[in-house]
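Enquirer:
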Amino acid sequence: MRKKAVVKANVHGFIVSKSCVCFSVSAVFCRVLFGSLKKSAPRRKCAACKIVVHMACIEQLDKINFRCKPTFREGSSRCLRDNVLRHHWVHRRRQEGKCRQCGKSFQQKFFHSKEIIAISCSWCKQAFHNKVTCFMLHQIEEPCSLGAHAGVIVPPSWIIKVRKPQVHTSVWASQKKRTSFKRRTSKKGTDESKWRPFMLKPLPSPLMKPVLVFVNPKSGGNQGTKLLQMFMWILNPRQVFDLSQGGPREAILSRLAVLVTVLACCVGWVLSALDELQMNPQPPVAVLPLGTGNDLARTLNWGGGYTDEPVSKILCHVEDGTVVQLDRWNLQVEWSPAQPEEGTQKLPLNVFNNYFSLGFDAHVTLEFHESREANPEKFNSRFRNKMFYAGAAFSDFLQRSSRDLSKHVKVVCDGTDLTAKIQELKFQCIVFLNIPRYCAGTMPWGNTGDHRDFEPQRHDDGYIEVIGFTMASLAALQVGGHGERLHQCREVTLTTYKTMPVQVDGEPCRLAPSTLCISLRNQANMVQKSKRRTSAWDRKSIFNSIRSGDFGSVG
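Taking the UniProt record's numbering, the leading residue of the sequence shown gets 1, the next gets one more, and so forth.
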């Protein structure tokens, strides 16, 4: 009979480290074997406490009684009574910043690199010299404040492991004999989770604003992997989720009791999960801009991409952000069986937050999508992706693949038929726009003050903007131009009479002849980054957290 694995609160979450290159001075030495180390030996690094060990030495960590920082509490009565979180002290052979006690820098001794020079806490990131004058014995059992980001961290005392299985429990799988924080999604993992559920018991506090973080490690040319590890270092790893291992629904469901804000790179996926759960009130969602495009991130002042901004600074912006509304739109498709053609009868998404379009831009996006599916290794950087887009757009421009679009569509907005105008101007692309930004930051609606027949464009007014493009106006977008403003409406009926490329928030497909109805679905709460400069208190908090090891410059 197989022995069941035991979930432990302080199991290390190891990530793969390069086996032939030492990525820091401290990585030369294994946590278990303090002596010589073969540089070519495979080793792992814990994302939560930053220790480095040989793969062969991982099992020895229990024997030397070195455990990771606890992420939850056992369900025993003694553990439930003890709500105090204590420091998780780790010896470091390399530490940047300054000692909290004496204020002096940590000096790395290159010829004595085996020597432990610092003692730091994996939770609050405080660091001290390894001297009795700086670090004293009474500090070992002192309570930990969780550091500069205590307000967004889920304390381990809030997450309780219970013995009796319950419905809607944590989806985190056992960490024993595993080398990552990845959650199991197999049937086997689901069955095992029935006998090791978790229960949430938050302690209400006006200062606590926990954040759940969802990151796709494949986004942004592997920038997602780096961010995933940094968030695990700063936050409780049980509030950081890898979207490549499963959707956000179960993660949100299992943490409803502590959920205040969501920080995610795949916003549409998260908003759909929140819709399914019918949460009231719905938690606000902040955008983490990874990959290309990022039009919604630009609209909400989060920028067009991740530029190695400190995670501490991102969390400060989330805490200081303003909650705004974002219209979300339903897409209902009715296939036309009287005109059978090749193409899909179903859209990739039935809700859009940014835009829905058909014609030239959708054809270019579809070519990119199909090429990436066929050869994913060729699309591993943002620069390569943009170069492919440019090449595909130029090729389609020469072939004029969408020149007959206006002859095969009918558009009715709030009862007004726009078909005649579309055919007259011979548009090759039609966009139904919910936010000001489109196509990696361009503004196709243009300056509203130039056209008094329309109201100022907003993403929370319940109206959608309809814009037509010729090839000339599409090219002018990149130099500040805009398309032809057609209408602002609450409902659209779009009929297509041939198979044509369409895209929903960047997800393309070839849609068979159909009738589509666009209508307002609901409004989502979003976090808009404040444009004001970071306050002096925030700057000090950021500086102190970075100085004491926010980037994991420890060993």
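Backbone N, C-alpha and C fix where the C-beta goes; we use that ideal spot for every residue, glycine too.
Please read these numbers as outputs of a predicted model, since none were measured by experiment.
Taking C-beta to C-beta, are K161 and E74 nearer than 8 Å?
Expert: Taking the sequence shown and counting its residues from 1, the one referred to as residue 161 is at position 161. Taking the sequence shown and counting its residues from 1, the one referred to as residue 74 is at position 74. Closer than 8 Å, so yes.
Enquirer: How about Q239 and V154: do their beta carbons lie closer than 8 Å?
Expert: Locating residue 239 in the sequence shown gives position 239, counting from the first residue. Locating residue 154 in the sequence shown gives position 154, counting from the first residue. The answer is yes: Cβ separation under 8 Å.
Enquirer: Start and end of the alpha helix (DSSP H) containing M471?
Expert: Taking the sequence shown and counting its residues from 1, the one referred to as residue 471 is at position 471. First-last of the alpha helix (DSSP H) with M471: M471 to A476.
Enquirer: Kindly indicate which three-state DSSP category E334 falls into: helix, strand or coil?
Expert: Taking the sequence shown and counting its residues from 1, one reaches residue 334 at position 334. In this structure, E334 counts as strand in the three-state DSSP scheme.
Enquirer: Can the beta-carbon of W329 be found closer than 8 Å to that of N434?
Expert: Counting from 1 along the sequence shown, the entry for residue 329 is found at position 329. Counting from 1 along the sequence shown, the entry for residue 434 is found at position 434. Result yes, Cβ atoms of W329 and N434 sit closer than 8 Å.
Enquirer: Rounded to the nearest angstrom, how far is the Cβ of C265 from that of V215, given a contact under 8 Å?
Expert: As a working mapping, residue 265 is identified with position 265 in the sequence shown. As a working mapping, residue 215 is identified with position 215 in the sequence shown. Indeed, because the Cβ distance is near 6 Å, the residues count as touching under 8 Å.
Enquirer: By the three-class DSSP mapping on this structure, what secondary structure does W233 have?
Expert: What you label residue 233 is simply residue 233 of the sequence shown in a count that begins at 1. Helix at W233.
Enquirer: From which residue to which residue does the beta strand (DSSP E) around A118 run?
Expert: As a position in the sequence shown, residue 118 is number 118, starting the count at 1. Its beta strand (DSSP E) spans residues A118 to C121.
Enquirer: Roughly how many angstroms lie between the CA atoms of S186 and R92, to the nearest whole one?
Expert: Translated into the one-based positions of the sequence shown, residue 186 becomes position 186. Translated into the one-based positions of the sequence shown, residue 92 becomes position 92. With a pLDDT of 39 at S186, under the threshold of 50, the predicted position of this residue should be treated as unreliable, and no value is reported.
Enquirer: Whole angstroms are fine: how far does the CA of Q457 sit from the CA of D295?
Expert: As a position in the sequence shown, residue 295 is number 295, starting the count at 1. As a position in the sequence shown, residue 457 is number 457, starting the count at 1. Cα to Cα, D295 sits roughly 15 Å from Q457.
Enquirer: Quick check: is the beta carbon of L207 nearer than 8 Å to any beta carbon in chain D?
Expert: Absent here is chain D; the protein component of the structure consists of one chain.
Enquirer: Opposite M500 in the DSSP bridges: which residues?
Expert: In the sequence shown, counting from the first residue as 1, residue 500 sits at position 500. Answer is L511, bridged to M500.
Enquirer: Do you know how far the Cα of Q278 is from the Cα of A362?
Expert: Locating residue 362 in the sequence shown gives position 362, where the first residue counts as 1. Locating residue 278 in the sequence shown gives position 278, where the first residue counts as 1. If you take the alpha carbons of A362 and Q278, they lie about 32 Å apart.
Enquirer: Using 8 Å as the threshold, is the segment 133 to 141 in touch with the segment 89 to 106, meaning 3 or more CB pairs across them?
Expert: A contact exists between the segment 133 to 141 and the segment 89 to 106.
Enquirer: In this structure, how does DSSP classify T419 when only helix, strand and coil are distinguished?
Expert: If you number the sequence shown from 1, residue 419 lands on position 419. Helix.
Enquirer: Using 8 Å as the cut-off, can you tell me whether the segment 414 to 432 makes contact with the segment 481 to 495, which would need three or more C-beta pairs spanning the two stretches below that distance?
Expert: Enough Cβ pairs lie closer than 8 Å, so yes.
Enquirer: Below 8 Å, how does it come out for the segment 351 to 359 and the segment 503 to 520: are there three or more Cβ pairs, yes or no?
Expert: Cβ pair count under 8 Å is three or more, so yes.
Enquirer: Quick one, which of P348, S336, T307 and V260 has its alpha-carbon nearest E319's?
Expert: Start at 1 with the first residue of the sequence shown, and residue 319 comes out as number 319. Considering only alpha carbons, the answer is V260.
Enquirer: For the alpha helix (DSSP H) that contains residue 558, what are its first and last residues?
Expert: No answer is possible for residue 558: the residues shown for the chain start at 1 and end at 555.
Enquirer: Does the Cβ-Cβ distance between H87 and E142 come in under 8 Å?
Expert: Taking the sequence shown and counting its residues from 1, the one referred to as residue 87 is at position 87. Taking the sequence shown and counting its residues from 1, the one referred to as residue 142 is at position 142. It is a contact, given that the beta carbons lie within the stated cut-off.
Enquirer: Under 8 Å by Cβ, that's how I've got E334 and T515 pegged, so tell me the actual separation to the nearest angstrom.
Expert: The residue given as residue 334 occupies position 334 in the sequence shown. The residue given as residue 515 occupies position 515 in the sequence shown. Sure, about 5 Å apart at Cβ, within 8 Å.
Enquirer: Can you tell me whether S272 is buried or exposed? The criterion is at least 16 other CB atoms within 10 Å of its CB, across all chains shown.
Expert: As a working note, residue 272 is residue 272 in the sequence shown. Per the 10 Å Cβ criterion, buried.
Enquirer: When you compare the CB positions of I252 and L300, do they come within less than 8 Å of one another, or not?
Expert: For the purposes of this step, residue 252 is identified with residue 252 of the sequence shown, where counting begins at 1. For the purposes of this step, residue 300 is identified with residue 300 of the sequence shown, where counting begins at 1. Their beta carbons are not under 8 Å apart, which means I252 does not touch L300 by this criterion.
Enquirer: Please determine whether the Cβ atom of K313 lies at a distance below 7 Å from any heavy atom of the ligand SAH.
Expert: Ligands in the displayed structure: none, and consequently the ligand SAH is not present.
Enquirer: Just the Cα atoms here: how many angstroms apart are K346 and L511?
Expert: What you label residue 346 is simply residue 346 of the sequence shown in a count that begins at 1. What you label residue 511 is simply residue 511 of the sequence shown in a count that begins at 1. Roughly 7 Å between the two C-alpha positions.
Enquirer: Just confirm the distance between the C-beta atoms of P501 and L331, as a whole number of angstroms; I'd bet it's less than 8 Å.
Expert: As a position in the sequence shown, residue 501 is number 501, starting the count at 1. As a position in the sequence shown, residue 331 is number 331, starting the count at 1. About 15 Å; that fails the 8 Å criterion.
Enquirer: Would you report the Cα separation of F72 and L146, rounded to the nearest angstrom?
Expert: Along the sequence shown, read from residue 1 onward, the residue named residue 72 stands at position 72. Along the sequence shown, read from residue 1 onward, the residue named residue 146 stands at position 146. Going from the Cα of F72 to the Cα of L146 covers about 15 Å.
Enquirer: Grouping DSSP H, G and I as helix and E and B as strand, with all else coil, what is E142?
Expert: Counting from one through the sequence shown, the residue named residue 142 turns up at place 142. Of the three classes helix, strand and coil, the one that applies to E142 here is coil, per DSSP.
Enquirer: Output needed for N522: all residues of its chain with C-beta closer than 6 Å, excluding positions within five of it in sequence on either side, in chain order.
Expert: As a position in the sequence shown, residue 522 is number 522, starting the count at 1. Contacts found: R328.
Enquirer: Look up I159 in the DSSP assignment and say whether it is helix, strand or coil.
Expert: Position 159 of the sequence shown, counted from the first residue, corresponds to residue 159. Strand.
Enquirer: Verify whether the separation of the beta carbon atoms of S205 and N83 is less than 8 Å.
Expert: Against the sequence shown, residue 205 aligns to sequence position 205. Against the sequence shown, residue 83 aligns to sequence position 83. For S205 and N83, no; Cβs fall outside 8 Å.
Enquirer: Going by DSSP, what residues sit across from T307 in a beta bridge?
Expert: By 1-based counting over the sequence shown, the position of residue 307 is 307. In the DSSP output, where bridge partners are listed per residue, T307 has none listed.
Enquirer: Where do the N-terminal and C-terminal ends of the beta strand (DSSP E) with I64 fall, by residue?
Expert: Counting from 1 along the sequence shown, the entry for residue 64 is found at position 64. Looking at the DSSP string, I64 is not in any beta strand (DSSP E), and its letter there is neither H nor E.
Enquirer: If we ignore side chains and look at the alpha-carbon of each, how far apart do D460 and P436 end up?
Expert: By 1-based counting over the sequence shown, the position of residue 460 is 460. By 1-based counting over the sequence shown, the position of residue 436 is 436. In a straight line, the C-alpha of D460 is about 11 Å away from that of P436.
Enquirer: Which residues bound the alpha helix (DSSP H) around R298?
Expert: Position 298 of the sequence shown, counted from the start, is the residue given in the question as residue 298. Per DSSP, R298 belongs to the alpha helix (DSSP H) from D295 to T299.
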